[in-house]
Structures are given as C-alpha cells and as structure tokens.
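With this note's numbering applied, the sequence shown closes on residue 309, and no number is skipped along the way.
Report on the structure given below.
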Amino acid sequence: MDAADVLVSLPVTAWHGPFDPALRQRALTALEHGKVLVLPDLPFLIAADEGDLLRPDVSGAERKNVSFDPGTGRLGNIALAPGEAGRLTALLRRFAADSAHLLADLLPDYAATLEQARTSFRPNEIAGRSYSPRHDDRRLHIDAFPSRPLRGKRILRLFNNVAPDGAVRAWRVGEPFEPYAQRFLPHRRPLPGSAWLLERLGITKGRRSVYDHIMLGLHDRGKLDAAYQATAPRANVSFTPGTTWLCFTDQVLHAALAGHCALEQTFHVPISTMADSALAPLRVLERLTARHLA
Ligand code: SIN
Ligand code: FE
C-alpha cells in the first residue's frame with residue numbers, strides 16, 4: 016500500500032463554497048469509500064496575537080487534549096489564566112465555525128442531519144510518550160468510544176495541522192474496513208442487560224447497541240494484537256502545517272505517530288443521509304454477522 020491508495024487530494028482553498036459539483040462529488044465518494052480527503056491548500060489562520068497559545072502546557076494534566084463544546088462554548092482540560100482561556104475559546108470557536116461551513120458547502124447532502132460534536136486542540140507531541148495499549152493511538156485502530164454509543168451513526172473528523180515549527184503530523188493508514196472487521200470480529204456477545212446497566216450507571220451516554228459493542232471490540236482487539244500492528248498492510252502519510260484533512264475515522268484504520276499542535280472537529284453523520292449507506296460500518300457488520308445490530 017502507499018499514500019496514493021489511501022489519500023484523495025482536492026484543490027480547496029477556502030472554508031466557504033460555492034464548490035464545483037464535480038469536486039463535491041469527488042469529496043463525497045472518497046470519504047464514503049474510506050479514503051482520507053486531503054486539502055493541502057486550506058490552512059487555518061492563527062492570528063499574530065494567538066501564536067503564544069500553540070504550546071503544550073495549555074492543556075491540563077488529566078488528558079492530552081483541550082476540548083471545546085461548540086454548543087455551550089465551554090473549554091475542557093485547560094491549564095490557563097482566564098484571559099488566555101478567552102483567547103483560546105475564540106480560536107476554537109472560529110475553527111469550529113470554519114469546519115461547519117466547509118462541510119455545509121462541500122458535503123451539502125449531509126447538511127440536513129449533520130451533528131457538530133466536540134472540537135479539540137492537540138498541542139502535545141505524540142511521539143515519545145507512553146500510553147496503555149488501549150489508549151495508544153499510535154497503533155492502527157478505528158475510532159469507537161466506550162462512553163458514547165452511536166448506534167450506527169458515523170464519526171467524521173476534520174483535522175488541521177497548526178504546528179508553528181513546521182512539524183508534520185505523521186499518520187499511518189491501514190487496510191480497508193471490511194477485511195479488518197472480518198479478522199477481528201468479536202465472538203462474544205454483550206452480556207444480557209449490560210447495555211441497560213451501563214446507561215443506568217451513567218457510564219454510557221445513551222444505550223450501547225450491539226453495533227457499539229462490536230466496534231469497541233474491533234478497536235481493542237486490533238490495538239492489542241502486536242503481530243498485527245507489526246505486519247499489517249499500511250501506508251505512511253504526513254500532513255504538513257497548513258493542511259486540512261478529513262475522514263470517517265470509524266471506517267478508516269488509522270494511527271497518529273508523531274506531531275503536535277493539531278486542531279480537530281468531530282461530526283456525527285446519520286447513515287440515512289449517506290449517498291451509499293451500504294458502505295457504512297453498521298451495514299458492513301450487519302452483512303458479516305447476518306444480524307440486525309442497531
Ligand atoms: C486519532 O484519532 O487516532 C488521533 C489522530 C490525531 O490526533 O492526529
Ligand atoms: Fe483515532
């Protein structure tokens with residue numbers, strides 16, 4: 016595998032449309048087929064008086080990233096004085112708004128049902144840190160989150176590298192979703208009543224479906240398989256500062272190997288608005304298991 020198998024690059028130079036219909040079609044098809052869409056000419060502009068915020072110690076000790084809720088305007092996991100927090104809020108609010116405008120104009124088919132979830136700032140260097148295997152995003156994985164059941168809804172994430180020192184963000188992209196799912200499909204079903212209990216205890220936000228159970232199993236089993244991590248098909252790719260990239264991270268097998276100072280915006284996409292919902296992990300897994308999963 017090499018970069019040309021996993022990346023589709025488009026000449027987008029503005030966070031707003033209008034975009035040419037053929038370009039929009041290429042974007043939609045690439046994303047739904049599990050490619051990483053790269054927009055090398057779409058920087059996110061950091062103002063001169065914001066440069067000092069691009070440093071690792073803006074994030075608190077408990078987690079590696081700063082989170083921002085575009086709905087409430089609240090920052091999470093920061094270690095900043097109030098004035099600095101206000102400036103970081105403004106930066107992330109602007110990034111969240113730019114991202115939403117880009118998706119509305121580039122992927123108008125999704126607009127009616129698209130949900131904007133968290134924004135994050137990822138200031139810390141990835142390389143050289145230690146993580147538990149399950150939390151180590153330097154290992155190939157698909158995204159699935161224990162506390163946030165999606166019941167088939169898609170995870171679409173948009174990134175931008177804003178590293179002030181020119182550092183690239185180095186990723187690895189793996190094989191397509193279906194062979195990965197076939198290899199790691201968990202055999203154990205969830206215990207009866209466990210989804211209800213997790214919800215009652217507040218461990219999950221909403222009820223975990225069998226789909227969510229399987230996706231968590233795929234995430235964990237792939238990361239914990241050292242032989243797979245060492246030998247799996249992969250393409251190493253890197254994103255220079257000033258690049259925007261996006262993909263369905265619940266479908267694209269990915270690992271983030273090195274880099275610091277990235278911005279990220281998560282969206283959720285109901286599969287009913289996909290051009291071809293048969294490509295969604297939910298439908299692929301339903302086909303592989305011959306069961307209704309969400
Ligand atoms: C990930 O989703 O695994 C991390 C991506 C990144 O921070 O570059
Ligand atoms: Fe991930």
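Here a beta-carbon is modelled for each residue, glycine too, at the ideal position from N, C-alpha and C.
Residue i beta carbon near the ligand SIN (any heavy atom closer than 7 Å)
i, result
"residue 264", "yes"
"residue 283", "no"
"residue 174", "yes"
"residue 279", "yes"
"residue 124", "no"
"residue 235", "no"
"residue 144", "no"
"residue 133", "no"
"residue 152", "yes"
"residue 149", "no"
"residue 184", "yes"
"residue 137", "yes"
Residues sharing a beta bridge with residue i, DSSP
i, result
"residue 260", "53 and 174"
"residue 280", "134 and 173"
"residue 187", "251 and 270"
"residue 74", "93"
"residue 156", "269"
Own chain partners of residue i with C-beta closer than 7 Å, once the 5 adjacent residues on each side are dropped
i, result
"residue 289", "47 and 295"
"residue 43", "122, 124 and 290"
"residue 5", "There is simply no residue 5 to check, as the chain begins at 16 and stops at 309 in what is shown."
"residue 213", "219 and 223"
"residue 132", "281, 282 and 283"
"residue 126", "119"
"residue 95", "73 and 103"
"residue 77", "92"
"residue 169", "263, 265, 283, 284, 286 and 295"
"residue 181", "256"
Endpoints, the beta strand (DSSP E) within which residue i is located
i, result
"residue 24", "22 to 24"
"residue 269", "269 to 273"
"residue 89", "89 to 91"
Enclosing alpha helix (DSSP H) for residue i [first to last residue]
i, result
"residue 110", "97 to 121"
"residue 83", "No alpha helix (DSSP H) holds residue 83; the beta strand (DSSP E) holding it covers 81 to 84."
"residue 338", "There is simply no residue 338 to check, as the chain begins at 16 and stops at 309 in what is shown."
"residue 235", "225 to 239"
"residue 199", "192 to 199"
"residue 211", "209 to 215"
"residue 38", "36 to 47"
Beta-carbon contacts of residue i that lie in its chain and below 6 Å, excluding the five residues immediately before and after
i, result
"residue 83", "90, 107 and 134"
"residue 336", "With the chain covering 16 to 309 only, the question about residue 336 has no answer from this structure."
"residue 32", "120"
"residue 153", "270 and 272"
"residue 113", "30"
"residue 171", "263, 282 and 284"
Closer than 7 Å: residue i CB and nearest the ligand FE heavy atom
i, result
"residue 269", "yes"
"residue 156", "yes"
is_contact[residue i, chain C] using C-beta, thresh 8 Å
i, result
"residue 253", "No chain C appears in this structure, which consists of one protein chain only."
Residues near residue i by beta carbon distance below 8 Å, same chain, minus five either side
i, result
"residue 304", "200 and 229"
"residue 306", "225"
"residue 155", "187, 189, 237, 238, 243, 244, 247, 249, 268, 269 and 270"
> Do three or more CB pairs link the stretch 95 to 111 to the stretch 29 to 48 at distances below 8 Å?
Replying inline: These segments do not touch.
> Is the stretch 273 to 293 touching the stretch 190 to 205 in the sense that three or more CB pairs, one from each, lie closer than 8 Å?
Replying inline: Touching, no.
> Are three or more beta carbon pairs between the stretch 22 to 29 and the stretch 49 to 62 nearer than 8 Å?
Replying inline: Because the criterion of three Cβ pairs below 8 Å is met, the stretch 22 to 29 and the stretch 49 to 62 touch.
> Is the stretch 175 to 187 in contact with the stretch 249 to 264, if contact means three or more CB pairs nearer than 8 Å?
Replying inline: The stretch 175 to 187, when compared against the stretch 249 to 264, does touch it at the 8 Å Cβ threshold.
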